[in-house]
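**Q** Chains as they are written, first to last, in the numbering used here: chain A, 2 to 157; chain B, 2 to 157. Positions of the beta carbon are idealized from the N, C-alpha and C atoms, including for glycine. The structure that follows is given in the form of structure tokens.
Number of protein chains: 2
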Amino acid sequence: MTGPGVATERYFEDFAVGETVEIGRHRITADEIVGFAHQYDPQPFHTDPVKARDSIYNGLIASGWQTCAIVMRVMCDAYLLRAASMGSPGMEEIRWLKPVRPDDTLIVKRTIEEARPTSKADRGLVLTRWDVYNQRDEHVMMMRGYGLFGRRGADA
Amino acid sequence: MTGPGVATERYFEDFAVGETVEIGRHRITADEIVGFAHQYDPQPFHTDPVKARDSIYNGLIASGWQTCAIVMRVMCDAYLLRAASMGSPGMEEIRWLKPVRPDDTLIVKRTIEEARPTSKADRGLVLTRWDVYNQRDEHVMMMRGYGLFGRRGADA
Chain A
2 MTGPGVATER YFEDFAVGET VEIGRHRITA DEIVGFAHQY DPQPFHTDPV KARDSIYNGL
62 IASGWQTCAI VMRVMCDAYL LRAASMGSPG MEEIRWLKPV RPDDTLIVKR TIEEARPTSK
122 ADRGLVLTRW DVYNQRDEHV MMMRGYGLFG RRGADA
Chain B
2 MTGPGVATER YFEDFAVGET VEIGRHRITA DEIVGFAHQY DPQPFHTDPV KARDSIYNGL
62 IASGWQTCAI VMRVMCDAYL LRAASMGSPG MEEIRWLKPV RPDDTLIVKR TIEEARPTSK
122 ADRGLVLTRW DVYNQRDEHV MMMRGYGLFG RRGADA
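Structure (structure tokens):
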């Protein structure tokens with residue numbers, strides 16, 4: 002699915018169960034937080050620094066969905082755009098553990114929990130856990146979910 | 002947390018367990034799909050109509066994370082911006098069941114699965130399930146997760 006011009010480097014067989022690696026970082030700005038929130042999650046603690054100061058969060062925080070989307074982007078840049086990715090059937094859990102604030106650097110780590118063939122011979126399911134830390138090494142988010150990947154040698 | 006000028010209409014006590022209601026609709030455009038994908042999920046089947054046609058999806062589809070973000074927006078407009086919302090600790094599951102394509106109308110239904118007080122007397126946890134259908138009544142997405150809501154009479 003990577004299309005012409007992008008070489009597929011990673012197949013189902015290339016995910017090593019148990020392995021944990023840092024896959025990338027992203028520094029989030031106040032503008033980015035407010036921009037996403039205006040479109041998708043306009044709660045005042047995501048859109049308005051003044052109202053956010055009076056909220057239980059004591060300041061502007063990112064929408065949890067934006068943190069998920071940033072993990073997705075880090076994932077794409079780190080390996081997914083060069084992988085035989087066939088999409089995802091879903092997520093098993095998401096935990097928003099601590100607020101993400103303007104100018105936080107999000108550090109994304111990936112752990113492969115399981116890799117198993119499916120009933121279709123050309124693909125396999127990979128269960129991955131992503132842990133996100135900030136620049137103070139606080140664990141801000143965790144999610145686990147499945148991805149479908151083509152098997153080596155099964156290219157059309 | 003709704004701030005000055007927005008009346009709080011919905012507290013923890015106002016979520017009726019078992020109740021299912023349609024909370025809103027959103028028609029998604031190709032521009033919206035491609036715009037989100039360029040920023041957060043630049044896999045070719047989300048960004049490029051030509052490459053998408055050659056993918057297993059036979060055409061452009063929305064990032065699953067964008068569908069989640071749209072549910073969040075529908076939720077905000079339907080009740081969350083007028084509720085004593087205190088954020089969410091996480092999601093229990095997400096299922097991306099069918100592709101979401103340009104010009105699909107997403108119909109969002111909400112079912113309250115559980116509502117229970119927490120150890121803090123001023124708030125309660127509400128477990129909600131959201132089901133998303135398209136204009137052909139196909140079930141395209143499901144997610145379940147917790148929200149924290151202030152209790153009636155507990156306003157600071």
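(1) Residue 63(B) and residue 34(B): beta carbons closer than 9 Å?
(2) Around the C-beta of residue 51(B), are 16 or more other C-beta atoms found within 10 angstroms, so that it is buried, or is it exposed?
(3) Can you give me the Cβ contacts of residue 53(B) inside the same chain, cut-off strictly under 6 Å, excluding the 5 residues immediately before and after it?
(4) Can you tell me which of the three DSSP states residue 110(B) falls into?
(5) Considering residue 54(A), what are the terminal residues of the alpha helix (DSSP H) in which it resides?
(6) Look at the Cβ atom of residue 21(B), then the Cβ atom of residue 85(B), and state whether they are nearer than 9 Å.
(7) Could you give the distance in angstroms between the alpha-carbon of residue 28(B) and the alpha-carbon of residue 44(A)?
(8) If contacts are defined as beta-carbon pairs under 8 Å, then residue 143(B) and residue 98(B) qualify, I think. What distance do you get, rounded to the angstrom?
(9) Just tell me which of 58(B), 42(B) and 26(B) has its CA closest to the CA of residue 102(B).
(10) Output, in chain order, the set of chain B residues within a Cβ distance shorter than 8 Å of residue 24(A).
(11) Can you give me, in chain order, the residues of the segment 90-124 of chain B that have a beta carbon less than 7 Å from any beta carbon in chain A?
(12) Would DSSP call residue 139(B) helix, strand or coil?
(13) Tell me whether residue 118(B) is buried or exposed, calling it buried when 16 or more other Cβ atoms sit within 10 Å of its Cβ.
(14) At a CB-CB cut-off below 9 Å, which residues of chain B make contact with residue 74(A)?
(15) Hey, could you find the ends of the beta strand (DSSP E) residue 68(B) is sitting in?
(16) Would you mind giving the Cβ-Cβ distance between residue 90(B) and residue 149(B), rounded to the nearest angstrom? I have them listed as a contact below 8 Å.
(17) Which chain A residues are close to residue 65(B), counting only those with a beta carbon under 7 Å from its beta carbon?
(18) Determine whether the beta carbon atoms of residue 73(B) and residue 42(A) lie at a separation below 9 Å.
(19) Taking residue 70(B) as the query, report the chain A residues whose CB atoms sit under 9 Å from its CB, ordered along the chain.
(20) Name the chain A residues whose beta carbon is nearer than 8 Å to that of residue 81(B)?
(21) Within 10 Å of its beta-carbon, does residue 104(B) have 16 or more other beta-carbons around it, so buried, or fewer, so exposed?
(22) Leaving aside the five residues before and after residue 157(B) along the sequence, list all residues of the same chain whose C-beta is less than 7 Å from its C-beta, in chain order.
(23) Using the beta-carbon count (16 or more within 10 Å), is residue 18(A) buried or exposed?
(24) Measuring CA to CA, which of 136(B), 130(B), 112(B) and 121(B) is closest to residue 152(B)?
(25) Let's see if you can read the secondary structure: which residues bound the alpha helix (DSSP H) around residue 1(B)?
(26) Answer yes or no: do residue 108(A) and residue 23(A) have a C-beta to C-beta separation smaller than 9 Å?
(27) Taking 9 Å as the CB-CB limit, is residue 134(A) close to chain B?
(28) DSSP on residue 46(A), reduced to helix/strand/coil?
(29) Taking 9 Å as the CB-CB cut-off, is residue 146(B) touching chain A?
(30) Distance, Cα to Cα, residue 55(A) vs residue 30(A)?
(31) So which of 82(B), 26(B), 65(B) and 48(B) has the shortest CA-CA distance to residue 48(A)?
**A** Quick answer:
(1) Taking the first residue of the second sequence as 1, we reach residue 63(B) at position 62. Taking the first residue of the second sequence as 1, we reach residue 34(B) at position 33. It is a contact, given that the beta carbons lie within the stated cut-off.
(2) In the second sequence, the residue the question calls residue 51(B) occupies position 50. Flag for residue 51(B) reads exposed.
(3) Here residue 53(B) refers to the residue found at position 52 when the second sequence is read from its first residue. Result list for residue 53(B): 46, 60 and 61, in chain order.
(4) As a first step, residue 110(B) is located in the second sequence; it is residue number 109 there, counting from the start. Of the three classes helix, strand and coil, the one that applies to residue 110(B) here is strand, per DSSP.
(5) Numbered from 1 along the first sequence, position 53 holds the residue referred to as residue 54(A). From DSSP, the alpha helix (DSSP H) with residue 54(A) extends over 50-54.
(6) The sequence position of residue 21(B) within the second sequence is 20, counting from 1. The sequence position of residue 85(B) within the second sequence is 84, counting from 1. Cβ atoms of residue 21(B) and residue 85(B): not closer than 9 Å.
(7) Stepping through the second sequence from its first residue, residue 28(B) is reached at position 27. Stepping through the first sequence from its first residue, residue 44(A) is reached at position 43. Roughly 21 Å separates the two Cα atoms.
(8) Here residue 143(B) refers to the residue found at position 142 of the second sequence. Here residue 98(B) refers to the residue found at position 97 of the second sequence. With a Cβ gap of about 7 Å, residue 143(B) and residue 98(B) count as contacting.
(9) Residue numbering aside, residue 102(B) sits at position 101 when the second sequence is read from its first letter. Of 58(B), 42(B) and 26(B), the residue nearest in Cα terms is 58(B).
(10) Your numbering for residue 24(A) matches position 23 in the first sequence. The premise fails here: residue 24(A) is roughly 15 Å from chain B at the closest Cβ pair, so nothing lies under 8 Å.
(11) 90, 91, 92, 93, 94, 95, 96 and 97
(12) Counting from one through the second sequence, the residue named residue 139(B) turns up at place 138. Residue 139(B) falls in the coil class under three-state DSSP.
(13) Within the second sequence, numbered from 1, the residue matching residue 118(B) stands at position 117. Result: exposed.
(14) The residue you call residue 74(A) lines up with position 73 of the first sequence. Correct list: 40, 41, 42 and 43.
(15) For the purposes of this step, residue 68(B) is taken as residue 67 along the second sequence, with counting starting at 1. From DSSP, residue 68(B) is part of no beta strand (DSSP E) but of the alpha helix (DSSP H) over 65-79.
(16) Your numbering for residue 90(B) matches position 89 in the second sequence. Your numbering for residue 149(B) matches position 148 in the second sequence. Their Cβ separation, rounded to whole angstroms, is 7 Å, which keeps residue 90(B) and residue 149(B) in contact under 8 Å.
(17) Within the second sequence, the letter at position 64 stands for residue 65(B). Those within 7 Å of residue 65(B) in chain A are 89.
(18) On the second sequence, residue 73(B) is found 72 positions in, with the first residue counted as 1. On the first sequence, residue 42(A) is found 41 positions in, with the first residue counted as 1. Cβ distance < 9 Å, so residue 73(B) and residue 42(A) count as in contact.
(19) Position 69 of the second sequence, counting from 1, holds the residue named residue 70(B). Going along chain A in sequence order, the residues near residue 70(B) (Cβ under 9 Å) are 37, 40, 41, 42, 64, 66, 67, 69 and 70.
(20) Here residue 81(B) is taken as the residue at index 80 of the second sequence, counted from 1. 44, listed in chain order.
(21) Counting from 1 along the second sequence, the entry for residue 104(B) is found at position 103. Residue 104(B) is exposed by the Cβ-count criterion.
(22) Position 156 of the second sequence holds residue 157(B). Because residue 157(B) sits at a pLDDT of 49, beneath the cut-off of 50, its placement in the model cannot be relied upon, and the following sentence gives the value as read from the coordinates. Result list for residue 157(B): empty, nothing under 7 Å.
(23) The count along the first sequence starts at 1 and reaches residue 18(A) at position 17. Exposed is the call here.
(24) In the second sequence, counting from the first residue as 1, residue 152(B) sits at position 151. It is 121(B).
(25) Since the first residue of chain B shown is 2 and the last is 157, residue 1(B) is not available in this structure.
(26) Along the first sequence, one-based indexing puts residue 108(A) at 107. Along the first sequence, one-based indexing puts residue 23(A) at 22. Cβ atoms of residue 108(A) and residue 23(A): closer than 9 Å.
(27) What you label residue 134(A) is simply residue 133 of the first sequence in a count that begins at 1. Judged by the 9 Å Cβ criterion, residue 134(A) is not in contact with chain B.
(28) In the first sequence, residue 46(A) corresponds to position 45, counting from 1. DSSP places residue 46(A) in helix when its eight states are reduced to three.
(29) As a first step, residue 146(B) is located in the second sequence; it is residue number 145 there, counting from the start. So, interface residue.
(30) Locating residue 55(A) in the first sequence gives position 54, where the first residue counts as 1. Locating residue 30(A) in the first sequence gives position 29, where the first residue counts as 1. Their backbone Cα atoms lie some 20 Å apart in a straight line.
(31) Position 47 of the first sequence, counting from 1, holds the residue named residue 48(A). Minimum Cα distance to residue 48(A) is reached at 82(B).
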